[in-house]
Amino acid sequence: MITTVVGNYPKIGPGTKAPNLRTAIGKGDRGEMTPEEIMGVRAQVTAEVIQEQINAGIDLVTDGLIRWDDGQTYLAKAISGFSFTGLIRYFDTNTYFRQPVVEGLLKWSKPITVADYEFASFNSSKPVKAVLTGPYTLAKLSQDQQYHDQKRLVLDLAEVLNQEAKALQAAGATVIQFDEPAILKHKEDFPLFQEAMDRLTQGLNPTLALYTYFDDISGVYPAFLKLPFQIFGLDYVMGKANWDVVKEVPSDVSFGLGVINARNTKMETEAEIADAIKRIAPIVPTERLYINPNCGLEFLPRETAYQKLVRMVEGSKKAVEVTA
Amino acid sequence: MSGLLTTSVGSLPKPPELQAARNKMLRGELAREELEQMERDATAFWIKSQEDLGIDILVDGEMDRGDMVTYFSELLEGFTISGLVRSYGNRYYRKPIANGPIGRKKPMTLKTWEYAQSLTSKPVKGMLTGPYTIAEWSFNEYYSTFEEFVMEVAKVVHEEAMDLERAGAKYIQIDEPAASTRPEEMELVAKSMAVVTKGLSAYTLTHICYGDFEAVIDDLNSIPVDNLDMETANQDYSLLELFRGHKSSKHLSLGVTDVHTHEIESLEQVKAGIRKGLEVFSPEQLFIGPDCGLKTRTADESIAKLKVMVQAVNEIKAELGIA
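Going down the list, the sequences are from chains A and B. When we follow this note's numbering, the leftmost residue of the first sequence carries the number 7, and every step to the right adds one. When we follow this note's numbering, the leftmost residue of the second sequence carries the number 8, and every step to the right adds one.
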């Protein structure tokens with residue numbers, strides 16, 4: 007059993023040693039700090055949140071996506087063909103992102119996250135998971151003024167992200183995660199989604215993870231678990247129906263069990279976490295389990311995010327003792 | 008014939024020195040009374056400005072509120088406040104946390120409303136945040152379901168509305184900007200609003216924004232208030248098309264000036280907007296205001312925008328022969 011996080015981690019918090027990123031960006035806006043200096047602060051914060059995850063006892067860490075404003079723009083800015091428009095709500099959360107606009111044919115022109123992955127690996131004593139937003143979600147959250155054909159748009163993005171993943175593979179990434187929350191809100195698109203996932207994963211050797219959140223996989227189960235990935239991340243907090251829906255898991259896949267609510271400050275108890283693990287164990291044995299929050303941790307204050315990870319690790323240990 | 012009453016959504020810009028004074032007060036460098044005096048001065052400035060502009064239904068401008076949910080959660084029992092969370096870009100806020108039963112210790116908005124109303128013979132709107140929005144913009148560590156949380160908050164917002172009415176408020180606005188977050192919960196928005204407005208004889212309004220309303224237009228019409236206050240100018244009045252197909256007996260506050268641009272709308276632009284509103288609603292049904300609170304604009308920009316709005320209304324009223 008491996009403990010991990012889903013992706014982002016709160017960027018600022020009390021009592022941290024790295025410079026405050028919010029202050030730095032504010033200074034940048036007033037012309038008091040250069041973009042290079044701000045990138046330097048982001049690097050320091052990244053190193054710090056990696057260490058914070060390790061201190062909490064996380065086995066497989068991410069770089070916290072400290073350089074990302076949101077799941078879409080960081081990638082879209084570096085893909086040729088995108089521009090940007092107004093802020094829109096991210097699913098049913100109280101966070102907003104600047105909506106990407108597809109204005110030209112989408113092309114991968116250079117590595118986007120490879121230097122970030124290398125930096126994180128260098129600064130982590132634990133294995134690092136690379137995280138990308140998947141092509142379907144990226145397409146769904148963008149405004150299309152070019153393709154007027156969802157299928158072509160999604161498949162072109164799958165190609166772009168496949169190239170990015172290949173660049174990560176060349177840099178030595180051993181685990182690459184793709185986030186696809188949007189498919190759970192548009193299950194009628196599942197045939198296209200399957201095609202996109204095939205294209206996305208062509209020629210990739212690292213362990214591949216597909217993470218969903220904010221809902222359950224009813225309606226696309228069991229086909230969902232046959233997509234070409236080795237790890238499936240499912241939300242058991244907001245997608246409680248997953249308990250009833252998922253009764254059998256292919257023996258060659260692992261499971262990302264989202265059991266910590268990353269959208270509310272209420273602390274889970276060790277017993278609740280251990281119980282969830284015990285409940286899933288007959289379906290997925292613990293050696294094929296990843297334990298993680300239900301989604302990225304940035305909806306929480308930094309101190310709560312850390313406390314929740316500590317609790318998650320303790321609860322997981324307790325479950326292992328009981329099931330052993 | 009009457010109609011086309013002018014109003015504002017709620018917030019108006021604070022003088023820059025007021026924010027600085029609030030920070031000083033929080034650091035203990037300024038007495039609370041001094042801050043409150045500055046807030047009253049700023050309120051008086053806006054009451055006078057709105058009277059001079061010729062606006063019909065005034066607002067106090069929310070000089071004493073930082074944010075529309077945190078303001079209430081700090082005054083209510085049962086809430087604490089979280090560490091910083093990010094909403095977008097470099098914007099962070101502290102989110103209320105419900106960790107006990109929600110209750111009202113004493114009236115929250117009454118003193119400011121009474122002060123504002125004492126300065127003018129025009130009606131001043133009582134301004135509240137709705138229960139769905141207060142709950143949706145908070146963490147919940149206490150109530151076992153979100154619905155229970157919303158319905159408990161509704162009770163305290165109702166108490167506050169009753170106090171405003173007893174003090175003489177003729178107009179009470181209960182804002183629900185979060186109402187459009189999840190279309191499937193619009194029923195809960197209406198159900199909790201029914202608790203808030205039950206037994207009120209004051210005229211009630213609700214401001215709702217940021218939404219895709221196509222799927223929920225009928226639910227919107229079922230929210231038990233007299234007037235729906237919507238942002239329309241920043242969407243080129245497309246929302247009116249939805250109302251055209253779903254005739255409502257409700258009144259509508261039509262947003263005719265975009266609060267997110269520095270640019271001052273032209274007289275013709277605003278008049279065209281009002282005419283679009285009149286294609287779907289009668290003059291008696293239609294109130295005219297900005298899209299949203301003006302607090303993100305400067306005082307000069309706000310006054311200029313409101314001035315164009317009032318002039319446009321006056322010219323159209325003259326054309327229609329409305330007194």
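Beta carbons are placed, not taken as given, at the ideal position from N, Cα and C, and that holds for glycine.
Check	Outcome
Just checking: is the beta-carbon of Val92 (chain B) within a distance shorter than 9 Å of some beta-carbon in chain A?	yes
Helix, strand or coil for Thr271 (chain A) per DSSP?	coil
Any C-beta of chain B within less than 7 Å: which residues of the region 265–291 of chain A qualify?	Asn270, Thr271, Lys272
Three or more C-beta pairs closer than 8 Å, one from the region 123–133 of chain A and one from the region 155–171 of chain A: is that the case here?	no
Does the distance from the CB of Met318 (chain A) to the CB of Ile286 (chain A) come in under 9 Å?	no
Is Gln156 (chain A) close to the ligand MN? I mean its beta-carbon at under 8 Å from any heavy atom of the ligand.	Absent from the structure shown: the ligand MN. Ligands present: none.
Suppose the cutoff is 6 Å on Cβ atoms and the five residues either side in sequence are ignored; what does the same chain contact list for Ile181 (chain B) look like?	Leu135, Gly137, Val203, Thr213
Which residue marks the beginning of the alpha helix (DSSP H) containing Thr211 (chain B), and which one marks its end?	Segment 210–215 is the beta strand (DSSP E) holding Thr211 (chain B); no alpha helix (DSSP H) there.
Buried or exposed: where does Leu65 (chain B) fall if 16 or more other Cβ atoms within 10 Å of its Cβ makes it buried?	buried
So, does the CB of Arg308 (chain A) fall closer than 9 Å to a CB anywhere in chain B?	yes
Could you tell me which residues DSSP puts in a beta bridge with Val202 (chain B)?	None, per the DSSP bridge assignment.
Looking at Asp221 (chain A) and Lys191 (chain A), is the spacing between their C-beta atoms short of 9 Å?	yes
So with CB distances below 9 Å, who are the chain A contacts of Gly280 (chain B)?	Going along chain A, no residue has its Cβ under 9 Å from Gly280 (chain B), so there is no contact; the nearest lies around 20 Å.
Assuming Leu171 (chain B) and Leu117 (chain B) form a contact by the criterion Cβ under 8 Å, report the distance between their Cβ atoms to the nearest whole angstrom.	7 Å
Grouping DSSP H, G and I as helix and E and B as strand, with all else coil, what is Thr188 (chain B)?	coil
In chain order, what residues of the same chain lie with their CB nearer than 8 Å to the CB of Arg304 (chain B), ignoring the 5 residues before and after it?	Pro20, Val266, His269, Lys312
How many whole angstroms separate the CB atoms of Val262 (chain B) and Met237 (chain B), which I take to be in contact at a CB cut-off of 8 Å?	Reading off the sequence, residue 262 (chain B) comes out as Gly, not Val. About 6 Å; that satisfies the 8 Å criterion.
Out of B:Ser94, B:Ile104, B:Pro103, B:Ala168, which has the shortest C-alpha to C-alpha gap to Lys113 (chain B)?	B:Ala168
Can you check the region 253–303 of chain B for any alpha helix (DSSP H) of at least 4 residues that lies completely inside it and give the ranges in chain order?	274–287
Just the Cα atoms here: how many angstroms apart are Gly19 (chain A) and Arg308 (chain A)?	5 Å
One question on the structure: do Tyr80 (chain A) and Ala311 (chain A) come within less than 9 Å of each other, judged by their Cβ atoms?	no
Excluding the 5 residues preceding and the 5 following Asp75 (chain A) in the sequence, name in chain order all residues of the same chain whose CB lies nearer than 8 Å to its CB.	Phe103, Arg104
On the three-state DSSP scale, how would you describe Ala49 (chain A)?	helix
First and last residue of the alpha helix (DSSP H) that includes Ile31 (chain A)?	27–35
Starting from the C-beta of Val316 (chain A), find all residues in its chain whose C-beta is less than 6 Å away, skip the five residues before and the five after it, and write them out in chain order.	Ala62
With Val328 (chain A) and Lys284 (chain A) assumed to form a contact (beta carbons below 8 Å), what rounded beta-carbon distance in angstroms separates them?	6 Å
I need the straight-line Cα distance from Ser273 (chain B) to Gly61 (chain B), nearest angstrom please.	18 Å
Using only CA atoms, which one of B:Ala197, B:Glu121, B:Arg111 lies nearest to Lys162 (chain B)?	B:Arg111
Using the rule of at least 16 other Cβ atoms within 10 Å of the residue's Cβ for burial, across every protein chain shown, is Ser257 (chain A) buried or exposed?	exposed
At a Cβ threshold of 9 Å, is Asn100 (chain A) touching chain B?	yes
Whole angstroms are fine: how far does the CA of Arg269 (chain A) sit from the CA of Glu322 (chain B)?	50 Å
Answer yes or no: does any C-beta atom of chain B fall closer than 9 Å to that of Phe196 (chain A)?	no
Considering only their Cβ atoms, is the gap separating Glu148 (chain B) from Asn97 (chain B) smaller than 9 Å?	no
Are at least three pairs of beta-carbons, each pair with one atom in the region 30–47 of chain A and one in the region 145–160 of chain A, less than 8 Å apart?	no
Measuring only between beta-carbons, confirm whether Phe146 (chain B) sits less than 9 Å from chain A.	yes
Output needed in chain order: residues of the region 70–87 of chain A with a Cβ under 9 Å from some Cβ in chain E.	Structure shown: chain E not included; protein chains present are A and B.
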